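The numbers in this note's numbering rise by one with no breaks, and the one at position 525 of the sequence shown is 534. For every residue, glycine included, the Cβ atom is placed at its ideal position computed from N, Cα and C. All of these numbers come straight from a predicted model, not from anything done at the bench.
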Amino acid sequence: MNKSFALKMRVYLRVFVLALAAPAMAQGDLAEKLKFEPGGAGTPAKCGFPVVLEAAASGDASVRALLKQRRLQNLQQNYQIYLSPQGRFRIHYLTTGFDAIPTYDRNQNGVSDYLEFVAKSFDRAWEVEIDSLGFNAPPDSAGAPHTVYPVYCKKINAYGITWFSDPLPAPPGVLRYDSYIEINTDFSFVTYPDITNDPIVRDSLAIAVTAAHEFNHALQLGYRLWISGSNFVDLWFIESSATYMEEVVAGQVNDYYYYLPCMYSSTDVNLTQNNPCNRIYGEVALPIMLGEVYGKTITREIWEAILNQPALGSLSLILQQKGSALKAEMRRWATWMFFSGQNAVAGQFYPEAAKYPDPEVIAANPVSLNQNPDTVAFTENLPPLAFQFLKIPVISTGKVLAVVNPQQNSGSWLNSQFLFSAPYTNDFDAGTLTQMIFTPPSGDLNLAVISGDWNGGQPAPEIPYEIVFKGPLIGLDYFRAVGKFDQITLRWATIFEFENAAFIIDRSIEGQNFDPLIEIPGKGNTTLYQEYAYVDSQVVNGSSYYYRLSNRDSDGIVTIHDTLLVNASGDEILIGPNPVRISQGDDRVTFLNLPRETRVEIFNANGVRVKSILPEGSGQIAYWDLRSSQNDLVGSGVYIYRIVSPEKSQSGKIMVIR
């Protein structure tokens, strides 16, 4: 979609600010908002249903009476009737006066093309939403399923409006409604330049999405609307799920593109809240994602659960049944939205992500961990069920660790680091110090902070959080091991140490379960070169062992640095860990006891060379950092290594698991 066009439409589309805490609307307010009389001001809005909801919840009896009056006026009007091709809809229309339908008839069959568009679009909506997705048919005035549903063609101040008044007989607390739909006869305010400049084709597209959207509201009224005080509490889901039906029923139109900029510019708003740019329509990004992951019936499943509890709890229940949770899907949603616009990745995340807006990213101040290895990099506030994107430039000569510390409820908060190649995310929980994927000496860390549902779905209060970066608390120069008969000698050296209380050596037989071997005191704070050694005499000649080097700082935080695989005989070429499990902290493969003049070649399963590696230091050890020669992280799979030297050669397989 043309970005300037999207901005233009954001200005054009009239704002419905649903002030949930405002005084009940007056009769005149309702008349003006829905343009009861000709000549009302304002460009038509997406949907008039929120205003009908506001009126139905009003404490003013005269406002609620207007809803009944509107239906009575329609019943008394001398409309002509057109039955849809499948007989599902009775279309009421006029050919003269203010509400007259367009009369163009390009196929020259004697029936207005507009009227045919309306009838076929509503038939299509019924076919997809009821016959395919499994929604219940809308209830009639007796509570039975409608067999023929009424639609009125009128010039109104919205694409369409779904009307209702008194609830149907039902158990206490269950609010279900008979309804009817009005659809606009004038869509001249809409343009689809990326599809067509033909006004008649434009009408067909606008009618298609309006039928899908408004008919879903009619279906929703057959389940249950929850009311609290004078408010219907699920407006966010009412509108986002109806907008999702536009994409399911008439996916070629993409009218919802107009509302995505609002969503993308206000991710720091609670999920259940609207805002002046009508974020609730842009929230369609959530059901689109859920539909891609769990199938297009997801919103129908949630509406069925709404019979027992409001939308947020129903969403949580359905996700739990699918093996997920709301906070996990909030993190997934943040990830999908980040990889939109210029960040889109072909074949990943939203299918139409390249046409979506760019994510709105907060650019934080640069952080130099060489000057201060323990830095509060960013502070901000977030309400529950919200998230923010951050870009933080970092300078560091070594590893970068980060921790997000919310002031309260840290167990509900989640975080992600975003990468521009597979695996795309490095996820971590709040309060957990986690190593970032970072290549010294400098780079931008792209992060999301997701606040989670720590307030029972309520939007307030906002909670402060901070992001703390810790730089290389030690500058590790090397970590080496040499096996000789019945002992293994470990050596390592540092170029500096910061608040380093101790080094920890752990040992493992299989490379997964490590046992502590020894702690060796560190040097605290020093910029002098330091060398360390430890001899493990409790080994069996010919056996192999994994050794892991960690350090503990003065705050008790332990950081894992390197893992080596060593054979006590000292002459076998050793490769490890294998398999490489990225999720368990493995970040490289070590090749030990290499013969002289060696090079290590890495190939993928198709025989394409991924990288050539030369040994370091003494020439007996080499490392593969799980990157290609273009410095891209490799994906999961089987890789072939080939060790080539004048003395001996060896090849084998390495399994990488992300």
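Are the region 466-483 and the region 517-529 in contact at 8 Å, needing three or more beta carbon pairs?
no
Cutting at 6 Å between CB atoms, please list the residues of its own chain near Thr384, excluding the five before and the five after it.
Val376 and Phe478
Quick check: what's the CA-CA separation for Ala314 versus Ile327?
8 Å
Of all the options Thr599, Tyr648, Pro655 and Arg651, which has the alpha carbon lying nearest to the alpha carbon of Glu606?
Pro655
Rounded C-alpha distance that separates Asn587 from Pro604
20 Å
CB of Phe3 within 7 Å of CB of Leu62, strictly:
Only positions 10 to 667 of the chain appear in the structure, and residue 3 is not among them; the question remains open.
With C-beta atoms as the reference, is Leu423 less than 7 Å away from Ile401?
no
Below 8 Å CB to CB, which residues in the same chain sit around Ser658 once its five sequence neighbours on both sides are set aside?
Arg651 and Ile652
Extent of the continuous alpha helix (DSSP H) run through His222:
Pro208 to Gln229
According to DSSP, is Ala502 part of a helix, a strand, or is it coil?
strand
Look at the alpha carbon of Leu81 and the alpha carbon of Pro148, and state the distance between them as a whole number of angstroms.
19 Å
Classify Pro59 as helix, strand or coil using the three-state DSSP reduction.
helix
Enclosing beta strand (DSSP E) for Pro154 [first to last residue]
Element bounds for Pro154: n/a, residue is neither H nor E.
Determine the closest residue to Glu361 out of Glu369, Ser349 and Asp367, with distance taken between C-alpha atoms.
Ser349
From what residue to what residue does the alpha helix (DSSP H) around Phe429 run?
Here Phe429 belongs to no alpha helix (DSSP H), and DSSP marks it neither H nor E.
Could you pull the start and end residues of the beta strand (DSSP E) that Ala334 belongs to?
That residue, Ala334, is in no beta strand (DSSP E); it is neither H nor E in DSSP.
What is the rounded straight-line gap between the Cα of Gly49 and the Cα of Leu76?
Reliability fails at Gly49, whose pLDDT of 42 lies under 50, so the model's placement of it is uncertain and the value that follows must be treated cautiously. One C-alpha to the other measures close to 18 Å.
In the structure shown, what three-state DSSP assignment does Phe639 receive?
Going by the sequence as given, residue 639 is Gln instead of Phe. It is coil, neither helix nor strand.
From Pro366 to Glu389, what does the alpha carbon distance come to, in whole angstroms?
24 Å
Taking DSSP as the reference, what is the three-state secondary structure of Val653?
strand
Cα-Cα separation between Val199 and Ala215, rounded to whole angstroms:
8 Å
Nearest-angstrom Cα separation, counted from Thr308 out to Tyr113:
37 Å
Here's the rule I'm using: 16 or more other beta-carbon atoms within 10 Å means buried, otherwise exposed. How should Glu625 be labelled?
exposed
I'd like to confirm the pairing. Which residues does DSSP put opposite Ala70 in its beta bridges?
None; Ala70 has no bridge partner.
Excluding the 5 residues preceding and the 5 following Pro32 in the sequence, name in chain order all residues of the same chain whose CB lies nearer than 8 Å to its CB.
Because the pLDDT of Pro32 is 39, which lies under 50, any placement of that residue in the model is unreliable, and the number read from its coordinates should be weighed accordingly. Correct list: empty, nothing qualifies.
Please classify Val413 as buried or exposed, where buried requires at least 16 other C-beta atoms within 10 Å of its C-beta.
buried
Three-state class that DSSP yields for Pro473 in the structure shown
strand
Using CA atoms only, rank isn't needed, just tell me which of Pro208, Pro202, Ala343 and Ile591 is closest to Phe196.
Pro208
For Ile311, name the three-state secondary structure that DSSP assigns.
helix
Assign Ala30 to one of two classes, buried (16 or more other C-beta atoms within 10 Å of its C-beta) or exposed (fewer than that).
Because Ala30 sits at a pLDDT of 30, beneath the cut-off of 50, its placement in the model cannot be relied upon, and the following sentence gives the value as read from the coordinates. Burial call: exposed.
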